[in-house]
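Right, one structure below, let's go through it.
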Ligand SMILES: [Fe+2]
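Residue numbers (this note's numbering): 159 to 357.
Here's what the structure looks like:
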């Protein structure tokens, strides 16, 4: 299993480095590797979860975005299973991982989803609060991903993304406790200022 997982990770790394992918300069280091680290820490808390399934889901959850930015969700569902089977994964495992990503992408009732979905969803939502992820919207905002956006429009987008992550994706209590201050800080960066800065 570990060889197959390593092969899939290698494949995703190569695809994510394609200059046609808008986030190719930073996506592996500042997104996928951070999602993986947080997911592995959550696995320590939830030993009943399948660690192989979680690891594959980490590297699968944005596969469609990397391959076809405009059709990210359908692309993951279409391209995920055949690529995993080509790399030697059992077809039923490949389909399960993809079905679980479909649940994750629905951002609906994630708190009732299988634990592997909650781990990857929570890790994904938390990862956006780590490193330069949110600032890439600013960095790329003037040219590639969001051309012509004003600073105020970018702030509104960052706030909406932060709130969607926090309210729909980050379900596991360990993740919510650990990341609550980061979440509030991001909202502040997006313009939600406290009444007072000191006590
Ligand atoms: Fe992601």
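The C-beta atom is built at its ideal place from N, Cα and C for all residues, glycine as well.
Remember, it's a predicted structure, so these values are computed and weren't measured experimentally.
Residue i to residue j span [Cα, whole Å]
i, j, result
"residue 205", "residue 330", "14 Å"
"residue 188", "residue 335", "22 Å"
"residue 244", "residue 267", "32 Å"
"residue 280", "residue 172", "25 Å"
"residue 178", "residue 298", "14 Å"
"residue 190", "residue 212", "13 Å"
"residue 305", "residue 230", "20 Å"
"residue 217", "residue 310", "33 Å"
"residue 340", "residue 287", "6 Å"
"residue 228", "residue 167", "22 Å"
"residue 163", "residue 354", "49 Å"
"residue 141", "residue 316", "Since the displayed the chain opens at 159 and closes at 357, residue 141 lies outside it and no answer follows."
"residue 253", "residue 169", "18 Å"
"residue 207", "residue 319", "27 Å"
"residue 290", "residue 278", "20 Å"
"residue 240", "residue 165", "14 Å"
"residue 247", "residue 193", "22 Å"
"residue 237", "residue 160", "21 Å"
"residue 322", "residue 328", "9 Å"
"residue 264", "residue 257", "11 Å"
"residue 282", "residue 196", "8 Å"
Contacting residues, own chain, Cβ-Cβ under 8 Å from residue i (five flanking each side not counted)
i, result
"residue 233", "221, 222, 223, 225 and 226"
"residue 261", "268, 271, 272 and 275"
"residue 182", "174, 175 and 176"
"residue 346", "352"
Residues near residue i by beta carbon distance below 7 Å, same chain, minus five either side
i, result
"residue 209", "201"
"residue 313", "348 and 349"
"residue 292", "286, 316 and 344"
Own chain partners of residue i with C-beta closer than 6 Å, once the 5 adjacent residues on each side are dropped
i, result
"residue 324", "341"
"residue 185", "174"
"residue 250", "none"
For this session: Starting from the N-terminal end, write out each residue whose C-beta falls within a distance shorter than 7 Å of any non-hydrogen atom of ligand 1.
Result: 189, 193, 219, 220, 282 and 285
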